[in-house]
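Here the sequence shown is numbered in my numbering, starting from 21 and rising by one per residue.
No residue lacks a Cβ here, since even glycine has one placed at the ideal position from N, Cα and C.
From a predicted model like this one, the values you see are computed outputs, not experimental measurements.
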Amino acid sequence: MAEADARVTGGGVRVDLVSPGAEPRRSLRYLASAVAQVKLQLDYEVAMVQTTRGDDPSARPVPALSLDVTLSREATGLGLTVDGARATPDGDAEKLLAEEVAPLLKQLVGKSGTLALSERGVTGTSVTRPGGLEREVLQIWSSLDETTRDLVPPLPEEAIGVGARWRAVQRLRRGGLPLLRTVEYELLAGKGVPLKLVVKEQPIADKAQDPLMPEGMSVTARGGVGEGTGTLELDGELLPRAASLSLDSLTEITIAGPPGGAPLETMLRLKQTVRVKARP
Numbered sequence: 021m022a023e024a025d026a027r028v029t030g031g032g033v034r035v036d037l038v039s040p041g042a043e044p045r046r047s048l049r050y051l052a053s054a055v056a057q058v059k060l061q062l063d064y065e066v067a068m069v070q071t072t073r074g075d076d077p078s079a080r081p082v083p084a085l086s087l088d089v090t091l092s093r094e095a096t097g098l099g100l101t102v103d104g105a106r107a108t109p110d111g112d113a114e115k116l117l118a119e120e121v122a123p124l125l126k127q128l129v130g131k132s133g134t135l136a137l138s139e140r141g142v143t144g145t146s147v148t149r150p151g152g153l154e155r156e157v158l159q160i161w162s163s164l165d166e167t168t169r170d171l172v173p174p175l176p177e178e179a180i181g182v183g184a185r186w187r188a189v190q191r192l193r194r195g196g197l198p199l200l201r202t203v204e205y206e207l208l209a210g211k212g213v214p215l216k217l218v219v220k221e222q223p224i225a226d227k228a229q230d231p232l233m234p235e236g237m238s239v240t241a242r243g244g245v246g247e248g249t250g251t252l253e254l255d256g257e258l259l260p261r262a263a264s265l266s267l268d269s270l271t272e273i274t275i276a277g278p279p280g281g282a283p284l285e286t287m288l289r290l291k292q293t294v295r296v297k298a299r300p
């Protein structure tokens, strides 16, 4: 925890410029615009498994999901609305699971939230949660929240050009588990603002208690590592048009239940790919 605090304070994002890139350079900023809006399709491929020590930690696939969302630039930040949600299974086993999650996905449709945004990017907070969602649906919303923040990269204070590289460090939570996340960005040549991303994550040894977990349960990370890569295309308004983001992580955790119960030491393996594209 002390090491994490030394790198970035809780809820904040620290941005360090590594290289300003080539001339000409310009300052990138998120500016409020009432007409800035984009409709996106987010396709999730996820494989995950939780095992006890000594078991095979290989991630197993779960039904793929596809979400239709609208992102709108607002005076207070970035508005998010879910226009559609569906499972896209592959194979009979996944089809059975898809039938089980279909009622949960229906709860997401029409739900909305806002991501606080400054001129230089996300302030470190999450998208506001809609009310009335079951715990399982909140887990899907949590993934959508994380993707939305990935689509709004923190920006350096300095003017930058093609080839510029900067590093953003922030503390966030996934399923209630606190993480220290470092993302290295590189500005590529091309139309709009095309970026290349390299991600590294490190769990923080801090007890996690979150509404997504059953009452009376807490999780503490003992160690682990996460790595990912991606590409992100932003338009002239700095709204996302396309993205491909992947993450592979292995986290050792201790789960404590209600008082009197013995803690359980497990490993959580997650592999996730999110592909984003514009829709009509």
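What is the DSSP secondary structure of residue i, reduced to helix, strand or coil?
i	result
E94	strand
A282	coil
P214	strand
A122	helix
L117	helix
R140	coil
D170	helix
D63	strand
L192	strand
D165	helix
L128	helix
S238	strand
S86	strand
V147	coil
Under 6 Å Cβ to Cβ from residue i, same chain only, skipping five residues before and after it: list those, please.
i	result
T101	T90 and S132
E206	R185 and K216
R49	E139
S146	D165
Less than 8 Å separating the beta-carbons of residue i and residue j?
i	j	result
L307	L87	No statement about residue 307 is possible, as the shown extent of the chain runs from 21 to 300 and does not include it.
G243	P223	yes
V219	E177	no
L60	K297	yes
A42	G256	no
L135	R169	yes
R187	L199	no
V270	V245	Sequence inspection shows Leu at residue 270; the Val mentioned does not correspond to that position. Taking 8 Å as the Cβ cut-off, L270 and V245 qualify as a contacting pair.
P83	L117	yes
G212	R261	yes
Q292	V142	no
Can you have a look at residue i and say buried or exposed, based on whether 16 or more other CB atoms are within 10 angstroms of its CB?
i	result
L85	buried
P283	exposed
R201	buried
V38	exposed
S92	buried
A304	Nothing about residue 304 can be reported from this structure: the residues present for the chain run from 21 to 300 only.
R120	Reading off the sequence shown, one finds Glu at residue 120, where the question assumed Arg. E120 comes out exposed.
S47	exposed
A263	buried
P300	exposed
R155	exposed
A209	exposed
D36	exposed
Report the partner residues of residue i according to the DSSP bridge assignment.
i	result
Q159	Its beta-bridge partners do not exist; DSSP assigns none.
E43	For E43, which the question treats as bridged, DSSP gives no partner whatsoever.
E206	R185 and K216
S264	T251 and R295
L175	Paired residues: none, contrary to the question.
D244	Note on identity: in this sequence residue 244 is Gly, with Asp being the wrong assignment. Its beta-bridge partners are T271.
P223	L199
Within a Cβ cutoff of 7 Å, which residues of the same chain sit near residue i, ignoring the five residues on either side of it in sequence?
i	result
R106	S86 and L125
V157	L124, Q127 and L128
A122	A107
P44	G181
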